[in-house]
Amino acid sequence: MEAPKKIIVAGAGLVGSLLAIALKKRGHEVLVFEKRADMRRASSSAGKSINLIITAKGMRPLVNLGLWEKVQAITSPVIGRTMHSKTGELAFQPYGKDPSECNYSVGRGGLNRLLMTEAEKVGVKIAFDSPLVSLDLSTKTAQFENAPALRYDLLFGADGTGSATRQALIQALGAEAQYKEMTLPAQDGTWAMDKDSLHIWPRGQHMLMGLPNQDGTFTMTLYMPQAWFAEFKTPGAFEQYFKTNYPDAIPLMPDYRQEYQANPQGFLGIVRMKPWIFEDQIALLGDAAHAMVPFFGQGMNSGFSDVQFLLEQMDQHPNDYRAIFQRYNELQKLSGDAIADMSLENFSEMCDKVGDQGFLLRKKVENKLEHAFPTKFRSRYGLVTYTLIPYHLVKEVGLLQDEVLNELCRDLTSPDELDLKRAERLLDEKIVPWFRSHDLSTERYFPSR
Ligand code: FAD
Numbered sequence: 412m413e414a415p416k417k418i419i420v421a422g423a424g425l426v427g428s429l430l431a432i433a434l435k436k437r438g439h440e441v442l443v444f445e446k447r448a449d450m451r452r453a454s455s456s457a458g459k460s461i462n463l464i465i466t467a468k469g470m471r472p473l474v475n476l477g478l479w480e481k482v483q484a485i486t487s488p489v490i491g492r493t494m495h496s497k498t499g500e501l502a503f504q505p506y507g508k509d510p511s512e513c514n515y516s517v518g519r520g521g522l523n524r525l526l527m528t529e530a531e532k533v534g535v536k537i538a539f540d541s542p543l544v545s546l547d548l549s550t551k552t553a554q555f556e557n558a559p560a561l562r563y564d565l566l567f568g569a570d571g572t573g574s575a576t577r578q579a580l581i582q583a584l585g586a587e588a589q590y591k592e593m594t595l596p597a598q599d600g601t602w603a604m605d606k607d608s609l610h611i612w613p614r615g616q617h618m619l620m621g622l623p624n625q626d627g628t629f630t631m632t633l634y635m636p637q638a639w640f641a642e643f644k645t646p647g648a649f650e651q652y653f654k655t656n657y658p659d660a661i662p663l664m665p666d667y668r669q670e671y672q673a674n675p676q677g678f679l680g681i682v683r684m685k686p687w688i689f690e691d692q693i694a695l696l697g698d699a700a701h702a703m704v705p706f707f708g709q710g711m712n713s714g715f716s717d718v719q720f721l722l723e724q725m726d727q728h729p730n731d732y733r734a735i736f737q738r739y740n741e742l743q744k745l746s747g748d749a750i751a752d753m754s755l756e757n758f759s760e761m762c763d764k765v766g767d768q769g770f771l772l773r774k775k776v777e778n779k780l781e782h783a784f785p786t787k788f789r790s791r792y793g794l795v796t797y798t799l800i801p802y803h804l805v806k807e808v809g810l811l812q813d814e815v816l817n818e819l820c821r822d823l824t825s826p827d828e829l830d831l832k833r834a835e836r837l838l839d840e841k842i843v844p845w846f847r848s849h850d851l852s853t854e855r856y857f858p859s860r
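Each residue of the sequence shown is one higher than the last, beginning at 412 in our numbering.
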């Protein structure tokens, strides 16, 4: 039995509302503070009005909390994507390996309203028009607008991409990575590097990354610990750092010194924060911890899986929030970082490749492998969306699958030419041992369809 705690959740978005329901059901006192007005009452629709897809990892805590049926009632199943060419031809790609595997499309506002209402039904108190103003970690006191200063035992920051909770932790702890964008120009009107790749110069704590643009340039993003930006303020210090770490990029980036000085420091739509926790007191979840570009449709799903992970840890380590938070920071952070990376990779997949014949052929080969060898192969997309396997493990096995698919698709003009015996040999050699050594469940999660 857990000892009841006084818990504050900053943010009544999707993740904050779901977490509040779960914590209240476990017997805690839960107060939620939301920056915006109550979207159920406000005349204009508050927040971004977008449709989201719910997939297995997001569905799981909804099922566990007995909310899935209500949520499902406001969703529409989507079984694949249809690409429209400029000349009006259609190309359909199923999402799952058959139509029983589908994504559920839901309006974000509708889902958020439902979760808030369910939270209030179980006794959660939500204060609206109350953004987080400041945190005092030493006294465990939070100040929200329009509210007295409040003491808490635990505080969860589910306050989205621009998280004030994260900002308070950054001030207290000193942040890890921040970003600066620069340009790698086109050469002779064309791309100076392979344009179909996300280019990465991994250097441990810091890295340079390049994503292609249509005009032949690359947007280069330099990720470094926040403190380094202050350290490399002078052109000389930055030049020395860049020469030491990225010598091969320098000839391709003639303006790197000027751009570094002139361009703002900020986010690419991706948030990478380390750590996600403070001692046994504060944890960040959802976009506050790992905002990502929306090209894998997993931002909310991964936020919901943060909730699920925390609840499982609470079961395993009752009342030991230091252990709960540490494991959350060690394991779930790996997963959140991986899906943020994959969402960037998917950006290039969706923008550059969906009309590409080679890519479409590869997708058909994947589909054929999934049907022929259901215990030995699942596409990376399938593993992300239809299984509960953590994102970082999916990312790892995805690289092995790429090797197999590259080999199988070489010289192939149609999926009918696929040599299934050779395919199975390759899977046995490269993929199956990985699955065995990781003891992964490929559990499908489609309750009450
Ligand atoms: P939010 O939903 O942003 O909620 C944060 C809440 O905190 C808000 O209510 C905000 O008002 C409040 N807040 C902010 N500051 C404060 C403060 N100082 N104090 C108190 N409260 C505060 N995800 C998917 O899983 N599937 C998809 O298909 C998908 N498609 C997307 C498409 C687009 C175009 C975009 C932009 C995103 C998409 N996402 C998708 C991502 C998804 O919308 C987010 O990951 C999800 O909303 C994150 O939920 P959250 O609760 O962490 O943050």
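Where a beta carbon is used, it is the ideal one built from N, C-alpha and C, also for glycine. Just so it is clear, the structure is predicted and the values come from calculations on it, not from any experiment.
Alanine 423 - partner residues in DSSP beta bridges = Paired residues: none, contrary to the question.
task = Please specify which runs of the alpha helix (DSSP H), each continuous and at least 4 residues long, are wholly inside the stretch 593-656, giving them in chain order.
result = 637-642, 646-656
ask   = Applying the criterion that 16 or more other CB atoms from any shown protein chain within 10 Å of the CB defines a buried residue, is glycine 422 buried or exposed?
value = buried
inquiry  = Can you check which of these residues, Leu478, Pro596, Lys508, is closest to methionine 527 by C-alpha distance?
reply    = Leu478
task = Compute the beta-carbon to beta-carbon distance between threonine 535 and isoleucine 432, rounded to the nearest angstrom, for a pair I have assumed lies under 8 Å.
result = According to the sequence shown, residue 535 is valine rather than threonine. Yes, valine 535 and isoleucine 432 are in contact; Cβ-Cβ is about 7 Å, under 8 Å.
inquiry  = Is lysine 446 close to ligand 3? I mean its beta-carbon at under 8 Å from any heavy atom of the ligand.
reply    = Because ligand 3 does not appear in the structure shown, any question about it cannot be addressed here, the ligands present being ligand 1.
request  = Please work out which residues of its chain come closer than 6 Å, Cβ to Cβ, to valine 808, disregarding the five sequence neighbours upstream and downstream, and give them in chain order.
outcome  = Trp845
message = Just to confirm the assignment, what range does the alpha helix (DSSP H) spanning phenylalanine 720 have?
response = 710-727
ask   = Between the Cα of glycine 627 and the Cα atoms of Lys435, Thr594, Asn730, which residue gives the shortest distance?
value = Thr594
request  = Rounded to whole angstroms, what's the CA-CA distance from histidine 645 to glutamate 670? Just pull it up for me.
outcome  = Here the sequence assigns threonine to residue 645, which means histidine is not the residue at that position. Approximately 13 Å, taken between the alpha carbons.
ask   = Are proline 613 and alanine 603 close, meaning C-beta to C-beta below 9 Å?
value = no
ask   = Quick one, which of Ile581, Ala502, Cys513 has its alpha-carbon nearest isoleucine 490's?
value = Cys513
ask   = What number of angstroms, rounded off, separates the C-alpha of valine 765 from the C-alpha of phenylalanine 720?
value = At valine 765 the pLDDT is 48, less than 50, meaning the model places this residue with poor confidence; the figure from the coordinates comes in the next sentence. Computed Cα separation, rounded: 33 Å.
task = Write down the C-beta distance between aspartate 748 and threonine 572 rounded to the nearest angstrom, noting that I regard them as a contact closer than 8 Å.
result = Rounded, the Cβ-Cβ distance is 16 Å, inconsistent with contact.
key: Candidates Thr632, Ala502, Met664, Gly769, of which the one nearest aspartate 822 by Cα   = Gly769
request  = To the nearest angstrom, report how far apart tryptophan 639 and aspartate 717 are at their CA atoms.
outcome  = 30 Å
inquiry  = Quick check on DSSP: helix, strand or coil for asparagine 514?
reply    = strand
inquiry  = Using only the alpha-carbon positions, how far apart do tyrosine 792 and methionine 753 sit?
reply    = 10 Å
ask   = What's the gap between the Cα of glutamate 500 and the Cα of tyrosine 506?
value = 19 Å
query = Are there 16 or more other CB atoms within 10 angstroms of the CB of serine 428, so buried, or fewer, so exposed?
reply = buried
inquiry  = Going by DSSP in three states, arginine 836 sits in which element: helix, strand or coil?
reply    = helix
query = For ligand 1, any of its heavy atoms closer than 8 Å to the Cβ of methionine 711?
reply = yes
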